[in-house]
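>
In my numbering, the protein residues as written are 90 to 305.
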């Protein structure tokens with residue numbers, strides 16, 4: 090696979106990591122505008138009631154500057170700060186434990202992921218790169234990557250996969266099933282956060298991702 094341009098996400102979905110593990114080189118977009126309803130600050134996991142959204146609260150530009158909201162005023166992704174007045178880390182950690190503590194590999198990775206939910210992060214992008222570091226180590230993935238230093242609307246030398254950050258996007262992607270904790274009760278849920286795959290498949294996760302196809 091060629092070089093790709095993609096966003097760092099909050100434990101992005103399986104589809105994102107299918108293309109990440111196959112790319113010759115990954116360029117992470119650092120310089121674009123922040124957008125709502127994306128995997129930048131949300132992920133989906135599988136709890137006892139089905140698909141569960143975990144959302145990181147952020148500080149909006151108006152709250153940071155004291156200026157009223159204005160149409161056309163955008164905030165850069167790299168400038169977005171996390172709203173840590175909410176106990177979102179505690180809530181997300183509780184949700185992960187409740188959902189995956191009976192999965193085959195949650196305890197195997199628990200000590201490595203625990204600090205992400207107990208150390209304070211000010212910037213969303215920094216936190217997402219910390220999440221990415223956990224995933225690459227869990228997958229034992231030696232990824233060749235760089236971070237962008239300028240925004241290019243139509244890159245010519247790499248495949249533009251930035252639309253994959255849209256959590257509401259409709260993409261033609263299907264992947265094989267793997268065993269999920271609540272599958273017997275509620276059926277298989279596809280394309281959840283990469284954590285769902287890691288906690289259920291463990292060291293086999295990389296082989297699983299490499300076996301999938303995603304044509305974008």
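Yeah, the Cβ is synthetic: ideal placement off N, Cα and C, and Gly gets one too.
1) Work out the CA separation of residue 273 and residue 191 for me, nearest whole Å.
2) For residue 148, tell me which candidate among 183, 104, 165 and 224 has the shortest Cα-Cα distance.
3) Ends of the alpha helix (DSSP H) at residue 104?
4) Cα-Cα, which of 211, 93, 292 and 291 is closest to residue 112?
5) Ignoring anything shorter than 4 residues or poking outside the segment 216-299, list the alpha helix (DSSP H) runs there in chain order.
6) Here's the rule I'm using: 16 or more other beta-carbon atoms within 10 Å means buried, otherwise exposed. How should residue 265 be labelled?
7) Using CA atoms only, rank isn't needed, just tell me which of 108, 167, 142 and 144 is closest to residue 122.
8) Applying the criterion that 16 or more other CB atoms from any shown protein chain within 10 Å of the CB defines a buried residue, is residue 300 buried or exposed?
9) With DSSP as the reference, please indicate the residues paired to residue 136 in a beta bridge.
The short version:
1) Residue 191 and residue 273: Cα-Cα distance of roughly 14 angstroms.
2) If we check each option's Cα against that of residue 148, 165 comes out closest.
3) Segment 103-111, the alpha helix (DSSP H) holding residue 104.
4) For the options 211, 93, 292 and 291, the alpha carbon positioned closest to that of residue 112 is the one of 93.
5) Whole alpha helix (DSSP H) segments, 4+ residues: 272-275, 283-290 and 294-299.
6) Residue environment analysis places residue 265 among the exposed positions, since fewer than 16 neighbouring C-beta atoms fall within 10 angstroms of its C-beta.
7) Of the listed residues, the one whose Cα sits closest to residue 122 is 167.
8) Residue 300 should be labelled exposed.
9) DSSP lists 139 as partners of residue 136.
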